[in-house]
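**Q** The structure's right below; bear with me while I get my questions together.
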Amino acid sequence: MECAEQILILSWGHFAEIVDLPAPSRASEIQLSSTESITSQRRKDENSEECHQCRNNTARHVDCSSCKKRYCVRCIKKWYSNLIEDHVKNRCPCCHNNCNCMDCLQSDIMHKIDKWNVSHEDRIKFAHRTIYFLLPWLKKLHEDQIQEKRIQAIIDVIKYEVNKKTFSYISFPICKTCHNYCRTCIVDLYRGCECGHYDLCLSCCQELRDGSLVKKDKKLRAKPNGSILCPPKAAGGCRCRGHALKLKGIFKENFISDLLEKTNSVVDKRMLEEGGSKCFCLTKSGEINTNTSRQAACRKNPIDNYIYCPTAKDVQSGALEHFQEHWLKGEPVIVCDVLGSTSGLSWEPTVMHRGLRKKKNKNGDQRLTVEAIECLTGCEVGINICRFFEGYSYGAVGPEDLPIGLKLKDWPPHSTFGEELPRHDAEFRSALPFREYTDPICGPLNLAVRLPKDVKKPDLGPKTYIAYGFAQELGIGDSLTYLHCDVADAVNVLVHTHGTKLKLQRLTAIEKRKDSLLNEERTRNLQASPDHSDVGIKVDVSLIKPEPKDDGLPFVEGDQPEGGALWDIFRREDVGILEEYLTAHAGEFRNNSELVKQVTDPIHDHCFYLTKEHKRKLKEQYGVEPWTFEQKLGEAVFIPTGCPHQVRNLKSCTKVALDFVSPENFEECIKYTNKIRELPNNHMVNEDKLEVKKIAIHALRHAVDYIIG
Numbered sequence: 001m002e003c004a005e006q007i008l009i010l011s012w013g014h015f016a017e018i019v020d021l022p023a024p025s026r027a028s029e030i031q032l033s034s035t036e037s038i039t040s041q042r043r044k045d046e047n048s049e050e051c052h053q054c055r056n057n058t059a060r061h062v063d064c065s066s067c068k069k070r071y072c073v074r075c076i077k078k079w080y081s082n083l084i085e086d087h088v089k090n091r092c093p094c095c096h097n098n099c100n101c102m103d104c105l106q107s108d109i110m111h112k113i114d115k116w117n118v119s120h121e122d123r124i125k126f127a128h129r130t131i132y133f134l135l136p137w138l139k140k141l142h143e144d145q146i147q148e149k150r151i152q153a154i155i156d157v158i159k160y161e162v163n164k165k166t167f168s169y170i171s172f173p174i175c176k177t178c179h180n181y182c183r184t185c186i187v188d189l190y191r192g193c194e195c196g197h198y199d200l201c202l203s204c205c206q207e208l209r210d211g212s213l214v215k216k217d218k219k220l221r222a223k224p225n226g227s228i229l230c231p232p233k234a235a236g237g238c239r240c241r242g243h244a245l246k247l248k249g250i251f252k253e254n255f256i257s258d259l260l261e262k263t264n265s266v267v268d269k270r271m272l273e274e275g276g277s278k279c280f281c282l283t284k285s286g287e288i289n290t291n292t293s294r295q296a297a298c299r300k301n302p303i304d305n306y307i308y309c310p311t312a313k314d315v316q317s318g319a320l321e322h323f324q325e326h327w328l329k330g331e332p333v334i335v336c337d338v339l340g341s342t343s344g345l346s347w348e349p350t351v352m353h354r355g356l357r358k359k360k361n362k363n364g365d366q367r368l369t370v371e372a373i374e375c376l377t378g379c380e381v382g383i384n385i386c387r388f389f390e391g392y393s394y395g396a397v398g399p400e401d402l403p404i405g406l407k408l409k410d411w412p413p414h415s416t417f418g419e420e421l422p423r424h425d426a427e428f429r430s431a432l433p434f435r436e437y438t439d440p441i442c443g444p445l446n447l448a449v450r451l452p453k454d455v456k457k458p459d460l461g462p463k464t465y466i467a468y469g470f471a472q473e474l475g476i477g478d479s480l481t482y483l484h485c486d487v488a489d490a491v492n493v494l495v496h497t498h499g500t501k502l503k504l505q506r507l508t509a510i511e512k513r514k515d516s517l518l519n520e521e522r523t524r525n526l527q528a529s530p531d532h533s534d535v536g537i538k539v540d541v542s543l544i545k546p547e548p549k550d551d552g553l554p555f556v557e558g559d560q561p562e563g564g565a566l567w568d569i570f571r572r573e574d575v576g577i578l579e580e581y582l583t584a585h586a587g588e589f590r591n592n593s594e595l596v597k598q599v600t601d602p603i604h605d606h607c608f609y610l611t612k613e614h615k616r617k618l619k620e621q622y623g624v625e626p627w628t629f630e631q632k633l634g635e636a637v638f639i640p641t642g643c644p645h646q647v648r649n650l651k652s653c654t655k656v657a658l659d660f661v662s663p664e665n666f667e668e669c670i671k672y673t674n675k676i677r678e679l680p681n682n683h684m685v686n687e688d689k690l691e692v693k694k695i696a697i698h699a700l701r702h703a704v705d706y707i708i709g
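Structure follows, in structure tokens:
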């Protein structure tokens, strides 16, 4: 009990430090009714002699000559270490819109986001670009619908034109999912039972008829005339068993054919041809321009080894067409120094925590615990937020002297980033390069923004990822994002890093643990019936402690890396070979501390990370090499959908990521959706969360309407 009380006192002390509140000496100081009560109290004191940041009036302070607010010297040193007193006297953090007091962090400042306008001429050009890349899919969709209508005509033994009553159309666009089989979005026509409990998309219907349906079910069958009977309840059907599934539609009749006709009337096939090549990565002498390119591979083709890497200033000066040249090829892009164009708001995790609008749960208690993923086991652990941040800055130690890596995924949880952290959301949006693609509200080349307000939208972010990191590749317990493909295009910005040195004793513990795991695996393999129920190490969160600062133990020698995260991004054309390698060598990989024992899909299983040794073997045996680079502070990494990638933190990192849907990579999104259809229903990636077909319909309709006027 005494130990628990000490931990509680320690936690409060750290929490008071984070939220900039004094330690609780009175009950009234502990039991604040809400964040709003703090805000209202501060507003009452706006004209007082107190420090704007901490509300203290005893320390020496500096008055701003512009807005008359004052900041004490203690707060300037603690929260604005990049400023000197004269800077604050001239223009304080409030004047620069980067004050990180609780009041300012929680204020709604959307009106302060830098305004940017797109000319009518550019909007027309962007609309044509959207149509150019989406039109082939629309034609295929229309052909599939015509084929299904012909089958229906055979079923009815009369021509479709005569029997229009066969089709049941819903008069407004809604979202339906082929939940009984492929779990992907239904765009318009589909087959369903009379009571609406069983639906099949046209792809499943066609595959069922030709025998190629991946998820086969003997209870679901197609008759010789093409009709499909509703299966029994045991197979997901309903009381309509024995009755044929009816052909139904979501949009009004002929909506797709009318949209195709309008699209064909405005499409500009010369759109890309007239643009020409705008890539200046090669100098006049034929050499790589290293000012705008970064080498990330050593393949035979020298041009393919470089990644387009402009600065934020280059982007502001007009680099969109150069970006599009690389983006169209499915290449990643890195934009440097994107934070340099913002107001300079602090991305310290402690500052972000102070900025949360909702710090209490439903019971009114302070939310002092977060759910973190422990990197040794991959398990979720509940940990005090202050202890998490302390480990972020100084490192953490677990049982057996093992270094502990923790990561918060999608924080703050169960909420919208902009609602919980409005000031940081505005800062992030102002930092985004190529906002024609990335702006989540009005980007003209971000297809996802075209969804109507009354249509359910996919969760595309922004999302925050806060995690520990180690410069050394440990083999187990590394802070990793396993190899995977994103459902859409993504931009990932590294907004904060903190380098932590690893002690030699921690590396010794890691090697000892590896040997122990190998011995355990050999023992299990010798058993007649191997027991895998207790594999790896289980970490008790109560045993996780901050790394001692003054214990005299030596650190691992070597310089800290300049970058915060190590990225490996594979080319789309190498996916097949990559999958072949991973399947053949699966037994050599560890998912957390356990050996990989079963592979459903090497990319979508999220259980592989290629170490230096595996990347060497992959290149030596198969000739495949990823783009490999370190992401530095303030860099935005653009990842095209369809490119498998993995990430390892070299330092403690805070990243903010956003998904978007570009016209150029729309077909890759469709391929991803089709891949989902083939995965088992119990797979971790078994749902069409993006619903890109629905996005495409609305994007096409908007583009056509804008061109027609």
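Counting in full-length UniProt numbering, the sequence shown runs from 1 upward without gaps.
We treat Cβ as the ideally placed atom computed from N, Cα and C, and that holds for glycine.
Can you name, in chain order, every residue of its own chain whose Cβ lies under 6 Å from the Cβ of L432, other than the five neighbours on each side?
**A** Here residue 432 corresponds to residue number 432 of the sequence shown, with the count starting at 1. Cβ neighbours of L432 beyond the five flanking positions: T438.
**Q** Rounding to the nearest angstrom, what Cα-Cα distance links Q106 and E687 in this structure?
**A** Within the sequence shown, the letter at position 106 stands for residue 106. Within the sequence shown, the letter at position 687 stands for residue 687. Roughly 35 Å separates the two Cα atoms.
**Q** Roughly how far, in whole angstroms, is the beta-carbon of N56 from the beta-carbon of C67, given that I think they are within contact range, below 8 Å?
**A** Here the question's residue 56 lines up with position 56 in the sequence shown. Here the question's residue 67 lines up with position 67 in the sequence shown. Actually they are not in contact, since the Cβ atoms of N56 and C67 sit about 19 Å apart, beyond 8 Å.
**Q** Report the residue from P93, C182, T58 and S81 whose alpha carbon sits nearest the alpha carbon of C64.
**A** As a working mapping, residue 64 is identified with position 64 in the sequence shown. It is P93 whose Cα lies nearest to the Cα of C64.
**Q** Name the one or two DSSP bridge partners that N384 has.
**A** Here residue 384 refers to the residue found at position 384 of the sequence shown. BP columns for N384 point to T369.
**Q** Give me the DSSP bridge partner(s) of T654.
**A** Within the sequence shown, residue 654 is the residue found at index 654, counting from 1. Paired residue(s): I466 and H496.
**Q** Where DSSP assigns a beta bridge to D605, which residues make up the other side?
**A** Walking along the sequence shown from the start, residue 605 turns up at place 605. Paired residues: none, contrary to the question.
**Q** Please look up how many angstroms separate the CB atoms of F417 and V493, rounded, as I've assumed it's under 8 Å.
**A** In the sequence shown, counting from the first residue as 1, residue 417 sits at position 417. In the sequence shown, counting from the first residue as 1, residue 493 sits at position 493. Between V493 and F417 the Cβ distance is about 13 Å, and since that is not below 8 Å, they are no contact.
**Q** Leaving aside the five residues before and after L582 along the sequence, list all residues of the same chain whose C-beta is less than 6 Å from its C-beta, in chain order.
**A** Indexing the sequence shown from 1 puts residue 582 at position 582. Answer for L582: P602 and F608, listed in chain order.
**Q** Return the chain-ordered list of same chain residues with a C-beta closer than 7 Å to the C-beta of N305, the five sequence neighbours on each side being excluded.
**A** Position 305 of the sequence shown, counting from 1, holds the residue named residue 305. Cβ within range, chain order: Q295, A296, A297, C298 and R299.
**Q** Would you tell me roughly how many angstroms separate the C-alpha atoms of H702 and A59, rounded to the nearest one?
**A** In the sequence shown, counting from the first residue as 1, residue 702 sits at position 702. In the sequence shown, counting from the first residue as 1, residue 59 sits at position 59. H702 and A59: Cα-Cα distance of roughly 58 Å.
**Q** Excluding the 5 residues preceding and the 5 following V62 in the sequence, name in chain order all residues of the same chain whose CB lies nearer than 6 Å to its CB.
**A** Residue 62 sits at position 62 when you count from the first residue of the sequence shown. Once the five neighbours on either side are set aside, the close Cβ partners of V62 are Y71, E85, V88 and K89.
**Q** Can you say whether W567 is buried or exposed, counting buried as having 16 or more other CB atoms within 10 angstroms of its CB?
**A** Mapped onto the sequence shown, residue 567 falls at position 567. Under this definition W567 is a buried residue.
**Q** Quick one: is the Cβ of V338 within less than 7 Å of any heavy atom of the ligand GDP?
**A** Ligands in the displayed structure: none, and consequently the ligand GDP is not present.
**Q** Around the C-beta of S542, are 16 or more other C-beta atoms found within 10 angstroms, so that it is buried, or is it exposed?
**A** In the sequence shown, the residue the question calls residue 542 occupies position 542. Counting Cβ neighbours within 10 Å, S542 comes out exposed, since fewer than 16 surround it.
**Q** For the region 627 to 646 and the region 549 to 565, state whether three or more C-beta atom pairs, one from each stretch, are separated by less than 8 Å.
**A** Because the criterion of three Cβ pairs below 8 Å is met, the region 627 to 646 and the region 549 to 565 touch.
**Q** Pick out whichever of G236, C238, L213 and Q206 has its Cα sitting closest to the Cα of N225.
**A** Counting from 1 along the sequence shown, the entry for residue 225 is found at position 225. Nearest option by C-alpha distance: Q206.
**Q** Under 6 Å Cβ to Cβ from D659, same chain only, skipping five residues before and after it: list those, please.
**A** Position 659 of the sequence shown, counted from the first residue, corresponds to residue 659. Cβ neighbours of D659 beyond the five flanking positions: L460, G461, A488 and A490.
**Q** Taking a contact to mean a Cβ-Cβ separation below 8 Å, would you say I707 touches V266 in this structure?
**A** As a first step, residue 707 must be located in the sequence shown, where it is residue number 707. As a first step, residue 266 must be located in the sequence shown, where it is residue number 266. Against a cut-off of 8 Å, the Cβ pair of V266 and I707 comes out as a contact.
**Q** Under a Cβ-count criterion, where at least 16 other Cβ atoms within 10 Å of its own Cβ denotes burial, should D534 be classed as buried or exposed?
**A** In the sequence shown, counting from the first residue as 1, residue 534 sits at position 534. With a pLDDT of 46 at D534, under the threshold of 50, the modelled position of this residue cannot be trusted, and the question is left open.
**Q** Whole angstroms is fine: what's the gap from D314's alpha carbon to V351's?
**A** As a first step, residue 314 is located in the sequence shown; it is residue number 314 there, counting from the start. As a first step, residue 351 is located in the sequence shown; it is residue number 351 there, counting from the start. Their backbone Cα atoms lie some 30 Å apart in a straight line.
**Q** Can you tell me the Cα-Cα spacing of K675 and R183, whole angstroms?
**A** Counted from its first residue, the sequence shown places residue 675 at position 675. Counted from its first residue, the sequence shown places residue 183 at position 183. Looking at the two C-alpha atoms, the distance is approximately 11 Å.
**Q** Enumerate in chain order the residues of its own chain whose CB-to-CB distance from V19 is below 7 Å, with the five nearest sequence positions on each side excluded.
**A** As a working mapping, residue 19 is identified with position 19 in the sequence shown. Only weak support exists for where V19 lies, its pLDDT of 41 falling under 50; the value from the coordinates is given anyway. Same-chain partners within the cutoff: M102 and R354.
**Q** Measure the alpha-carbon distance for S593 versus L517 and round it to whole angstroms.
**A** Counted from its first residue, the sequence shown places residue 593 at position 593. Counted from its first residue, the sequence shown places residue 517 at position 517. Whole-angstrom Cα-Cα distance: 8 Å.
**Q** What are the boundary residues of the beta strand (DSSP E) that includes G418?
**A** As a position in the sequence shown, residue 418 is number 418, starting the count at 1. G418 -> not in any beta strand (DSSP E); alpha helix (DSSP H) instead, spanning F417 to E420.
**Q** DSSP three-state call for T628: helix, strand or coil?
**A** As a first step, residue 628 is located in the sequence shown; it is residue number 628 there, counting from the start. Of the three classes helix, strand and coil, the one that applies to T628 here is strand, per DSSP.
**Q** List the residues that DSSP assigns as beta-bridge partners of R450.
**A** The count along the sequence shown starts at 1 and reaches residue 450 at position 450. None, per the DSSP bridge assignment.
**Q** Kindly confirm or deny that the region 661 to 676 and the region 496 to 514 touch, where touching means at least three C-beta pairs closer than 8 Å.
**A** No contact exists between the region 661 to 676 and the region 496 to 514.
**Q** Nearest by alpha-carbon distance to C238: which of C195, G642, V599 and F280 is it?
**A** Translated into positions along the sequence shown, residue 238 becomes position 238. Cα-wise, what sits closest to C238 is C195.
**Q** Spatial neighbours of L502 within its chain, please: C-beta separation below 8 Å, excluding the five flanking residues on both sides.
**A** Counted from its first residue, the sequence shown places residue 502 at position 502. Excluding sequence neighbours, L502 sits near G395, P403, F470, A471, Q472, F555 and V556.
**Q** Expressed to the nearest angstrom, what Euclidean distance is found between the alpha-carbon atoms of E620 and W627?
**A** The sequence position of residue 620 within the sequence shown is 620, counting from 1. The sequence position of residue 627 within the sequence shown is 627, counting from 1. Whole-angstrom Cα-Cα distance: 16 Å.
**Q** Secondary structure at G192, three-state DSSP: helix, strand or coil?
**A** Here residue 192 refers to the residue found at position 192 of the sequence shown. Correct three-state label for G192: strand.
**Q** Between the alpha carbons of N446 and A319, how many angstroms are there, rounded?
**A** The residue labelled residue 446 in the question sits at position 446 within the sequence shown. The residue labelled residue 319 in the question sits at position 319 within the sequence shown. Their backbone Cα atoms lie some 17 Å apart in a straight line.
**Q** For N665, count neighbouring Cβ atoms within 10 angstroms of its own Cβ and tell me buried if that reaches 16, exposed if not.
**A** By 1-based counting over the sequence shown, the position of residue 665 is 665. It is buried - the Cβ of N665 has at least 16 other Cβ atoms within 10 Å.
**Q** Around the Cβ of H645, are there at least 16 other Cβ atoms within 10 angstroms (buried) or fewer (exposed)?
**A** Translated into positions along the sequence shown, residue 645 becomes position 645. So H645 counts as buried.
**Q** If we count the other Cβ atoms within 10 Å of its Cβ and call it buried at 16 or more, is V157 buried or exposed?
**A** Mapped onto the sequence shown, residue 157 falls at position 157. Its Cβ having fewer than 16 others within 10 Å, V157 is exposed.
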